Amino acid sequence: METKVYAFDAVLHEEPDGGAYIIFPYDLRREFGKGRAKVRAEFNGIPYDGSIVNMGVKDGAGGVCYILGVLKSIRKRLGVADGDRISVRITAEENGAPQTIDEYIARQDAAAQPRLRELRALLRGALPQAEERLSWSMPTYWQGRNLIHFAAAKNHLGIYPGGEATAVFARELEGFDVSKGTIRIPWAADLPADLITRIARWCLETYVK
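Just so we're aligned, residue 574 is where the sequence shown starts under our numbering, counting upward by one.
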C-alpha cells in the first residue's frame, strides 16, 4: 500500500506552560482510522517523531482539532514563535521511532543511505570518543553534551552543529544553505569533508570543557 504524505503550511500555537503545537488540517480518524497516530514529521526540514492527538483543542466552531507538538528545541532552531507559519511534512510512522543510527539510516530512501553513511564515518573519525545516540529523533554525537546532529530531509542532508558554530564558520560556509545552526547540503552535492571535520572538532573543543 502506498504511504500517504501530508504537506502543508501551519500556524504555530504556543501555550502558557511553554508547550507549542500545530494543527493537523485533516480528519485524523478518516485518514488513519484512529484518534491517535504516530508519525514522522518535518518542520521546515527538521525531522521529528511524534504523535498526532486530541488534547482538547477546538476550532472556532467548537469542533475537535488534532494536534502535533513542536519541541522547544526545534522552535529555537527554526527561530519561530507563536503565530509564525512553518512548513510541515508528515508521513505515517507505523513501526515506531528508530532506536539506533543503523535503524535510522535503514529507514531512509535507498538513494540517500550512502551519503548518510559517508557523513557518519566523517563524524566518527572527527569525534572518536563521542557516543552515538538518537536525540530529538536525529543521529547525534554526545560527549558530556550533544555536540552535533545530522538528519535526512526530502531535498537535502541536514547538519546541526548549533548557531555558534555556523557563525564561527560563516565565511567558509558561504555558498551553502545555512540558517540558525543548520547546514543544508543537497543530496546531489559532494560533502565538504574537511570543513565538516573541522566543524565537528570545533564543537568538541568548544562545548566540552
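We put the beta carbon where it would ideally sit given N, CA and C, even for glycine.
Predicted model, so just to flag it, every value in this text is computed and none were measured.
Give every residue of the same chain whose Cβ lies closer than 8 angstroms to the Cβ of residue i, excluding the five residues on either side of it in the sequence, and list them in chain order.
i           : result
residue 577 : 604, 664 and 665
residue 628 : 594 and 640
residue 655 : 585, 586, 587 and 593
residue 631 : 637 and 638
Among the candidates the options, whose CA atom is the shortest distance from the CA of residue i?
i           : options               : result
residue 674 : 713, 747 and 729      : 713
residue 650 : 751, 705 and 634      : 751
residue 597 : 591, 590, 643 and 589 : 643
residue 591 : 601, 763, 647 and 600 : 647
residue 523 : 781, 780, 705 and 746 : Limits of the chain in this structure are 574 at one end and 782 at the other, which puts residue 523 out of reach.
residue 662 : 685, 688, 715 and 727 : 727
residue 756 : 602, 652, 739 and 658 : 739
Sorted by chain position, which residues of the same chain lie with C-beta nearer than 7 angstroms to residue i's C-beta, five sequence neighbours on each side aside?
i           : result
residue 574 : Bear in mind that the predicted position of residue 574 carries a pLDDT of just 37, short of 50, making it too unreliable to give a figure here.
residue 741 : 775
Rounded C-beta distance between residue i and residue j? I'm assuming under 8 angstroms.
i           : j           : result
residue 725 : residue 681 : 5 angstroms
residue 694 : residue 773 : In fact, because the Cβ distance is near 12 angstroms, the residues do not count as touching under 8 angstroms.
residue 685 : residue 760 : 6 angstroms
residue 780 : residue 697 : The Cβ separation is near 18 angstroms, so there is no contact.
residue 720 : residue 777 : 6 angstroms
residue 622 : residue 609 : Their Cβ separation, rounded to whole angstroms, is 14 angstroms, which puts residue 622 and residue 609 out of contact at 8 angstroms.
Please classify residue i: does DSSP put it in a helix, a strand, or coil?
i           : result
residue 751 : strand
residue 664 : strand
residue 637 : strand
residue 713 : strand
residue 656 : coil
residue 743 : coil
residue 597 : coil
residue 680 : coil
residue 575 : Annotation note: pLDDT 46 at residue 575 (below 50); position unreliable, coordinate value reported separately. Of the three classes helix, strand and coil, the one that applies to residue 575 here is coil, per DSSP.
residue 588 : coil
residue 735 : coil
residue 609 : coil
residue 696 : helix
residue 582 : strand
residue 631 : strand
So, does the CB of residue i fall closer than 8 angstroms to a CB anywhere in chain D?
i           : result
residue 740 : Included in the structure is just one protein chain, with no chain D present.
Which residues in the same chain as residue i place their Cβ atom closer than 6 angstroms to its Cβ, once the five residues preceding and following it in sequence are excluded?
i           : result
residue 769 : 695
residue 711 : 722 and 724
residue 580 : 662
Task: Touching by the beta-carbon criterion (3+ pairs, under 8 angstroms), the segment 612-620 and the segment 725-740 - done: Yes, they touch.
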